[in-house]
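Remember, our numbering sits 7 above the position in the sequence shown when you count from 1.
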Amino acid sequence: MGYMHLACTVEDADRLRENWKLQIGKGARVGVFTHDELVAKFPFINFDDVLLGTYGTFKLR
Numbered sequence: 008m009g010y011m012h013l014a015c016t017v018e019d020a021d022r023l024r025e026n027w028k029l030q031i032g033k034g035a036r037v038g039v040f041t042h043d044e045l046v047a048k049f050p051f052i053n054f055d056d057v058l059l060g061t062y063g064t065f066k067l068r
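In structure tokens form, the structure reads like this:
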């Protein structure tokens, strides 16, 4: 399971990067991905307008 946050503007991408830094600083397992990395990792999703994304995973206990 996991969650994905996407940014379609430069301002949102900057905010997403800042949030990502906070999350990993607290020990969260979250990756940050460029447009091309998102397309390669999730080819079944349309990322046409997306600049940046984060994807977090967790294990249910």
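A virtual CB, placed ideally from N, CA and C, is assigned to each residue, including glycine.
- Judged by DSSP in its simplified three-state form, V57 adopts coil rather than helix or strand.
- The three-state reading of DSSP puts A35 in coil, since its state is none of H, G, I, E or B.
- Per DSSP, the beta bridge partners of T41 are L59.
- Counting the other CB atoms within 10 Å of its CB gives A20 a total of 16 or more, which places it among the buried residues.
- The same chain holds no residue with a CB closer than 7 Å to that of E44 once the five nearest residues on each side in sequence are set aside.
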